[in-house]
Amino acid sequence: MTELSLRQWLGAMARCPSCERVVIEDGACKRLEAAWDRDGNHAALDWFKQLIEGPWEDEPKWIRKLGASARLEILADLAIRFEDYCRTGKLQVPTELNTLDAAEGLLEIKVPKGRVPIYESHREYGSSRCTHGFYKNQQKTPKTEISRGLAIMRADRSK
């Protein structure tokens, strides 16, 4: 996918008529939406935009060194995973969907160098919600990212 097609993909996302959340992908088995954080924003979409538009001050140095093509590759890989997940309800390679917190139901969709935590919405059948996105360059998922995902999940469920 090119930068232009990724921008078009991001720009074509519509809002769910019943809950006003942004629908990232809609398939035969699942609908993937962006969760609301406590401030009423979609942290996942903000991260997707960062992947297209370029580095922010808080972006890790190792990502800055990789450049724009690495960020676009992360977003393209995620777009493909999202489509597969929504079309089939699972991922072709099971290790691309990992459990972060079994008790709370927080999962993550994995691509090289990037992760997007998701959870199953209990309000609508077949609906999953992305909490946020983050870069990953180590074996274990940082506890701060798991905590952030749980906080966004709780905030989203309260809306």
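In terms of the working numbering, the sequence shown is residues -14 to 144. Ideal Cβ placement from N, Cα and C applies to all residues, glycine included. As the structure is a computational prediction, the values presented were derived from the model and not from experiment.
Checklist entry - Would you call A20 buried or exposed, if buried means 16 or more other Cβ atoms sit within 10 Å of its Cβ? => result buried
Item to check | Nearest to K46 (by Cα), restricted to the options M(-14), S106, E68, K98 | outcome: K98
Checklist entry - CA-CA distance, L135 and L30? => result 17 Å
Checklist entry - Is E5 helix, strand or coil by DSSP? => result coil
Checklist entry - Where does K128 fall in DSSP's three states? => result helix
Checklist entry - Looking at the unbroken alpha helix (DSSP H) that takes in R23, where does it start and where does it end? => result Looking at the DSSP string, R23 is not in any alpha helix (DSSP H), and its letter there is neither H nor E.
Item to check | K95 - containing beta strand (DSSP E), residue span | outcome: 91 to 96
Checklist entry - Beta-carbon separation of C71 and K15 under 8 Å? => result yes
Checklist entry - Given that a residue counts as buried once 16 or more other Cβ atoms are within 10 Å of its Cβ, and exposed if not, what is S106? => result buried
Item to check | Among S113, A64, I48, nearest to E(-12) - alpha-carbon criterion | outcome: A64
Item to check | Sequence ranges, alpha helix (DSSP H) only - wholly within the segment 50 to 95, length at least 4 | outcome: 53 to 73
Checklist entry - If you follow the alpha helix (DSSP H) that G99 is part of, which residue opens it and which one closes it? => result Segment 99 to 105 is the beta strand (DSSP E) holding G99; no alpha helix (DSSP H) there.
Checklist entry - Which residue from K128, L17, A(-1), G39 puts its Cα closest to that of D86? => result K128
Checklist entry - What whole-angstrom Cβ distance do I94 and R66 have, given they're in contact under 8 Å? => result 5 Å
Item to check | CA-to-CA distance, F33 to R133, given in whole angstroms | outcome: 17 Å
Item to check | Coil, strand or helix - E38 by DSSP | outcome: helix
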